[in-house]
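**Student:** Counting the sequence shown from 1 gives a position; our numbering is that position plus 227.
Ideal Cβ positions, reconstructed from N, Cα and C, are used throughout, including at glycine.
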Amino acid sequence: MNSILQQYSPQFQNASLEVISGGLINQTWKVTAKGKNFILQRINDNVFKEPGKIATNVRLLADHLTAIESDYFLVSAIKTESGEELAYETGKGYFRLTPFVKNSKTIQVVETPEQAYEAALQFGRFSSSFSDFDAAQLHVTIPNFHDLAYRYKQFENALLTGNPQRVSACSEEINQIRSYANLVDEYNRIRMNPAFKLRVTHHDTKISNVLFDLDNKGICVIDLDTVMPGYFFSDVGDMMRTYLSPTNEEETDFSKIEVRPMFYHAIVQGYSDEMKGALSKDEQNSFFLAGQFLIYMQALRFLTDYLNNDVYYGAQFEGQNLARNRNQLTLFEAFTAARKTFSK
Ligand code: GN1
Ligand code: MG
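1. Is Tyr377 helix, strand or coil when you go by DSSP?
2. Can Val538 be considered in contact with the ligand GN1, in the sense that its beta carbon sits closer than 6 Å to one or more heavy atoms?
3. Given a threshold of 16 other Cβ atoms within 10 Å of its Cβ, counted over all protein chains shown, does Glu476 qualify as buried or as exposed?
4. Measure the C-alpha to C-alpha separation of Thr557 and Gln511 and round it to an integer number of angstroms.
5. For Leu232, which residues in the same chain have their Cβ closer than 6 Å to its Cβ, ignoring the five residues on either side in sequence?
6. Alpha carbon to alpha carbon, how far is Thr453 from Glu579? Give it in angstroms, no decimals.
7. Write down the C-beta distance between Ser355 and Ala505 rounded to the nearest angstrom, noting that I regard them as a contact closer than 8 Å.
8. Say the cut is 6 Å; is the CB of Asp465 nearer than that to a heavy atom of the ligand MG?
9. Is the CB of Glu413 under 7 Å away from at least one CB in chain D?
10. Looking at Tyr252 and the ligand GN1, is the gap between the Cβ and the nearest heavy atom below 6 Å?
11. State the Cα-Cα distance for the pair Ile295 and Lys508, rounded to the nearest angstrom.
12. Who are the near neighbours of Phe459 in its chain, counting only those whose CB is closer than 6 Å to its CB and skipping five residues on each side?
13. May I ask whether a heavy atom of the ligand GN1 can be found less than 6 Å away from the beta carbon of Asp592?
14. Closest to Gln335 by CA distance: which of Asp272, Ala542, Glu560, Ser472 is it?
15. For the alpha helix (DSSP H) holding Arg566, just list the boundary residues, first then last.
16. Alpha carbon to alpha carbon, what distance is there between Tyr533 and Gly541?
17. Between which two residues does the alpha helix (DSSP H) carrying Gln519 extend?
18. If you draw a straight line from the alpha carbon of Asn371 to that of Thr428, how long is it in whole angstroms?
See the structure below:
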């Protein structure tokens with residue numbers, strides 16, 4: 228990676244790099260150079276076909292904050308010596324360097340409702356900071372990213388064109404996915420309902436995308452690759468998908484999957500504390516649906532990828548994306564069964 232860092236400034240000559248694992252799509256390193264820390268990311272251009280769009284989006288958002296004199300904290304990319312927001316090298320791809328925010332930390336697992344509250348507050352604040360910005364100006368960095376109808380179509384295509392052995396061995400999972408397809412109709416209705424607005428939406432609200440200070444208060448959100456116009460349920464739903472259970476999508480002992488109602492309330496509260504004024508009545512009444520949409524969509528995406536020979540997410544062992552699909556279906560059923568214990 229050192230030749231990439233050379234594009235920035237001579238201070239990176241003897242930089243040291245440490246891999247940060249976690250994401251399925253991009254690769255990330257912590258860089259230390261002359262006593263300072265940075266984050267370097269390689270953007271997966273199989274997934275983000277036009278990485279320049281990400282940089283343009285972040286610049287548009289940063290310019291807006293400057294124009295309205297907002298003190299909202301957005302982590303922007305450091306420019307290369309030739310003034311680019313991305314460093315590119317043939318054969319290596321696109322890279323982005325950002326400062327490492329001092330006295331910040333990330334967490335990998337949500338252990339307390341307070342953490343869920345803080346994160347939800349941060350994702351709500353992120354969207355509400357751009358309430359005067361026309362989200363339609365943003366580039367779509369991944370077309371149809373959280374479009375449930377489109378994801379369902381991809382799944383149906385995989386049944387026809389995917390690995391036939393895998394398709395015939397997964398009839399149980401396929402039927403289970405099909406049995407909840409009414410959610411796709413529900414999604415289509417929402418898309419037609421003007422009470423559901425397109426706003427500046429993060430689309431990847433897992434806990435490791437929130438920076439916390441040393442007193443466990445949220446500072447800001449990071450990983451702005453999937454910031455696009457979107458619906459509130461993407462951000463709220465993905466928090467439910469990733470904060471409610473003490474286990475994540477990699478857990479293969481499904482008996483450990485559970486839904487913690489206190490964490491559900493913390494997400495609704497934190498997000499509403501920033502966004503309630505902006506949300507329509509219909510949106511406020513759709514928090515539970517948000518969780519169902521996103522958990523279901525992730526189950527769908529993992530199964531589709533398994534049927535397509537793991538081309539998108541990759542797999543470290545045979546059957547990993549099928550196991551992830553089963554994990555998410557288990558979570559979906561636990562979430563649905565817990566409905567009575569939620570107020571909305
Ligand atoms: C991917 O790589 P990561 O963890 O940031 C995916 C998300 C999924 C997530 C599941 C661009 O995110 O949509 O929810 O995996 N991002 C993309 O772990 O596809
Ligand atoms: Mg991400």
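**Tutor:** According to the structure shown:
1. helix
2. no
3. buried
4. If I take the Cα positions, the gap works out to 26 Å.
5. Phe239, Ala242
6. Any answer about residue 579 is impossible in this case: the structure gives the chain only from 228 up to 571.
7. 6 Å
8. no
9. In the structure shown, chain D does not exist; there is a single protein chain.
10. For the record, residue 252 in the displayed sequence is Ile; it is not Tyr. Checking every heavy atom of the ligand GN1 against the Cβ of Ile252, one is found closer than 6 Å.
11. In this model, Ile295 and Lys508 are separated by some 28 Å (Cα to Cα).
12. Glu510
13. As displayed, the chain neither begins before 228 nor continues past 571, which places residue 592 out of reach and without an answer.
14. Ser472
15. If you look at Arg566, you'll find it isn't in any alpha helix (DSSP H); DSSP assigns it neither H nor E.
16. 9 Å
17. 514 to 534
18. 14 Å
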